[in-house]
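**Student:**
Chains as they are written, first to last, in the working numbering: chain H, 1 to 337; chain G, 338 to 710.
1. What residues of chain H sit near residue 589 of chain G, judged by a beta carbon separation below 8 Å?
2. Quick one: what does DSSP say residue 527 of chain G is sitting in, helix, strand or coil?
3. Under three-state DSSP, which class holds residue 389 of chain G?
4. Return no unless some Cβ of chain G is closer than 7 Å to the Cβ of residue 230 of chain H.
5. Specify whether the region 233 to 241 of chain H and the region 201 to 210 of chain H touch according to this definition: at least 3 beta carbon pairs, one from each stretch, less than 8 Å apart.
6. Can you check which of these residues, H:261, H:291, H:84, H:76, is closest to residue 339 of chain H by C-alpha distance?
7. Does the distance from the C-beta atom of residue 341 of chain G to that of residue 418 of chain G stay below 7 Å?
8. Mark residue 256 of chain H as exposed unless 16 or more other C-beta atoms lie within 10 angstroms of its C-beta, in which case mark it buried.
9. Should the region 290 to 306 of chain H be regarded as contacting the region 193 to 205 of chain H, the criterion being three or more beta carbon pairs within less than 8 Å?
10. The region 174 to 204 of chain H: which residues have C-beta closer than 8 Å to a C-beta of chain G, in chain order?
11. Could you tell me whether any Cβ in chain G is nearer than 7 Å to the Cβ of residue 210 of chain H?
12. Let's see if you can read the secondary structure: which residues bound the alpha helix (DSSP H) around residue 624 of chain G?
13. I'd like the span of the alpha helix (DSSP H) that includes residue 599 of chain G, first residue to last.
14. For chain H, check one thing: does any of its Cβ atoms lie closer than 7 Å to the Cβ of residue 621 of chain G?
15. Leaving aside the five residues before and after residue 3 of chain H along the sequence, list all residues of the same chain whose C-beta is less than 7 Å from its C-beta, in chain order.
16. Which runs of the alpha helix (DSSP H), 4 residues or longer, sit entirely within the region 619 to 662 of chain G?
17. Counting beta carbon pairs with one atom in the region 576 to 590 of chain G and one in the region 180 to 189 of chain H, are three or more of them shorter than 8 Å?
18. Going by beta-carbon coordinates alone, are residue 47 of chain H and residue 78 of chain H separated by less than 7 Å?
19. How many Å lie between residue 80 of chain H and residue 145 of chain H at the Cα?
20. Extract the residue ranges of the beta strand (DSSP E) inside the region 150 to 199 of chain H, only unbroken runs of 3 or more that lie entirely within it.
21. Quick one: Cα of residue 137 of chain H to Cα of residue 303 of chain H, how far?
22. On the criterion of 16 or more Cβ atoms from any shown chain inside 10 Å, does residue 118 of chain H qualify as buried, or is it exposed?
23. Under 6 Å Cβ to Cβ from residue 685 of chain G, same chain only, skipping five residues before and after it: list those, please.
24. Looking only at DSSP bridge pairs, what is residue 506 of chain G linked to?
25. Is residue 265 of chain H near residue 295 of chain H, with beta carbons less than 7 Å apart?
26. Excluding five sequence neighbours on each side, which residues of the same chain lie with their C-beta closer than 6 Å to the C-beta of residue 282 of chain H?
27. Suppose you measure from the CA of residue 44 of chain H to the CA of residue 27 of chain H; what does that come to, to the nearest Å?
28. Should residue 592 of chain G go down as buried or exposed, given a rule of 16 or more other Cβ atoms within 10 Å for buried?
29. With a cut-off of 7 Å, does the C-beta of residue 610 of chain G fall near any C-beta of chain H?
30. Enumerate in chain order the residues of its own chain whose CB-to-CB distance from residue 571 of chain G is below 7 Å, with the five nearest sequence positions on each side excluded.
31. In chain G, what lies closer than 8 Å to residue 45 of chain H by C-beta?
32. My understanding is that residue 605 of chain G touches residue 538 of chain G, with C-beta atoms under 8 Å, so please give their C-beta distance in whole angstroms.
33. Please return the same chain residues whose Cβ sits closer than 7 Å to the Cβ of residue 407 of chain H, not counting the five positions on each side in sequence.
34. Are the CB atoms of residue 260 of chain H and residue 306 of chain H within a distance shorter than 7 Å?
35. State the Cα-Cα distance for the pair residue 575 of chain G and residue 483 of chain G, rounded to the nearest angstrom.
36. Hey, which unbroken runs of the beta strand (DSSP E) at 3 residues or more fall wholly within the region 187 to 262 of chain H?
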């Protein structure tokens, strides 16, 4: 089986689904590049090259370069989904989503509910998130909690190339609007990914490490940090389970609760700002449903409640890191009343 | 004198295995061991299994301690006659480890071999070839399995002949079109696979559904089959564990799948996180759900087996045998009762349905015995 990058895995998912289903289209700023201008076609493939190669195979009819107007083309994608296509729209940085909240929160997320369950809105919105890219506070946020908050949206945060491909194919085939979060510093990580099409169901957490002492729940890029910490601590006799929810909506609380029932100790790692994020959400659910199992207070590892700093030294301090996770795990493992 | 000193090394169980953990020694240092004695428990990311001694003598050194994780091929211990001086044993250990470092560096350059792909009768067939020599031996897995099911068998059997383990259509990395899903159709694909590789006559080993497939082939084309080993084969009775078949097809969830896979083994604790992961990854591939449903619909409709080939066994002219785990919870071992005299039945007490994994050494020895006839 060939090793593929996170970028290639998503590209392959898009290509496979476009071959399988003629109603699948992609659209976004410079998704091919060069439209209406002299110069090379397919020069960009999106700002970080994820859609490269799709336009030459499927043509400009199905690979649309859009104007720099998020509110317009996200609205167009939602409308196209409501009328029979399966658009995959790329909204470069999730930070720009603010200008199209109405299209997403009030339109796409509500159609099924407001039209008596008769409407389907199979739109996928791909977007980049996360800090560590030296891109400053307007291009570095981790905003999946905002979308998780809205009933009617499905929210996907893949942590590996294998998951990215299977979750993207599932997202395209899903009849509900899906917001698909890609971490911009993860595009070049590689692992073995099957050539064939496959789907990973939403709402099914992955268990990337298995241990009986501490449960670590981590999301997106934080999963690889949690795995590193689990491997380090295993050598010291602290065995961690690492749970990657894969989707924040729907959220697989069953797997998390089952694990906490066994370990009695929970650390949640979330790159999103610390107020009203997945760490608080998961911690609250565990406190509510598994309080009796807890042997130590829940610990959350998150950034501070500030904008993402531009100074590289400060940005490095901002992003949760393995050392912080290790400290938190050791604290709950060694906790005594 | 180094012929009298036998190295015990970390085995390679499956292509992906690069290292293993020595869980426990069964023999105290200095104690006598005979060939076939349980020597060490080895844990890989896929499975834990016992490794038996191939040598006789005394366990003169435990080079690796319990709990240590070492690369494949690393020296675990030394078996030699009690009369050899300690100095010779120590010199052997030093020399082995010096050579091993060099060999490991060279091996790291190449990496493990990949299974090959071939077009057979319109389908893509993935297979793993190992070893040299004729007549070759072909290993056929069961329902929902793949060529990796033979990880404890193929490397051993390949020591003295060419061996081929294939992924049946609908399984592993082969194409997912199984057509009607009938046992006969699989046997035709297997024939086409042998034709494509120009394998005139082969030893056939089949497990479960694969057992029914190789038996079907042996009945139709006896001239091509040098010997036949059926491990917990399907189609020798009506009963089958419908909970297993339905559960395997229906569940996509880790926890439920672990429980389902546990039914395959006498010791369900052998089912590891990686084993569950690999099955889930397989089941997520496009076309797999339809393929499994088609096969089960034909072979096991309404929770019973639809075909019974038991009456064909008496007519077989090639050497043949049946191997069954006494604790099989998928196909009851009693289905092997009353076989004709030309097909001996070997029952392995401590094995479940996956006897070739759980009691690999015994199964390998039985196959070697049959091939030696």
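We treat Cβ as the ideally placed atom computed from N, Cα and C, and that holds for glycine.
**Tutor:** Looking at the atomic coordinates:
1. 201, 204
2. In this structure, residue 527 of chain G counts as helix in the three-state DSSP scheme.
3. strand
4. With a threshold of 7 Å between beta carbons, residue 230 of chain H makes no contact with chain G.
5. Output reads yes: the region 201 to 210 of chain H touches the region 233 to 241 of chain H.
6. Because chain H here runs from 1 to 337, residue 339 of chain H falls outside it and cannot be looked at.
7. Contact flag set, yes.
8. buried
9. no
10. 194, 196, 197, 198, 199, 200, 201, 204
11. yes
12. In the DSSP annotation of this structure, residue 624 of chain G is not part of any alpha helix (DSSP H), being labelled neither H nor E.
13. 591 to 599
14. yes
15. 190, 191, 192
16. 625 to 636
17. In the pairwise beta carbon analysis, the region 180 to 189 of chain H is classified as not touching the region 576 to 590 of chain G: fewer than three pairs are separated by under 8 Å.
18. no
19. 26 Å
20. 154 to 156, 178 to 183, 190 to 192
21. 13 Å
22. exposed
23. The beta carbon of residue 685 of chain G sits closer than 6 Å to those of 662, 692, 696, 699, all from its chain and outside the five residues before and after it, given in chain order.
24. Beta-bridge pairing by DSSP links residue 506 of chain G to no other residue.
25. yes
26. 217, 268
27. 13 Å
28. exposed
29. yes
30. 545, 546, 548, 549, 636, 642, 668
31. Those within 8 Å of residue 45 of chain H in chain G number zero; the least Cβ separation is about 25 Å.
32. About 39 Å; that fails the 8 Å criterion.
33. Outside the modelled stretch of chain H, which goes from 1 to 337, sits residue 407 of chain H, for which no answer is possible.
34. No, the Cβ-Cβ distance between residue 306 of chain H and residue 260 of chain H is not below 7 Å.
35. 24 Å
36. 190 to 192, 206 to 209, 214 to 218, 240 to 244, 247 to 249
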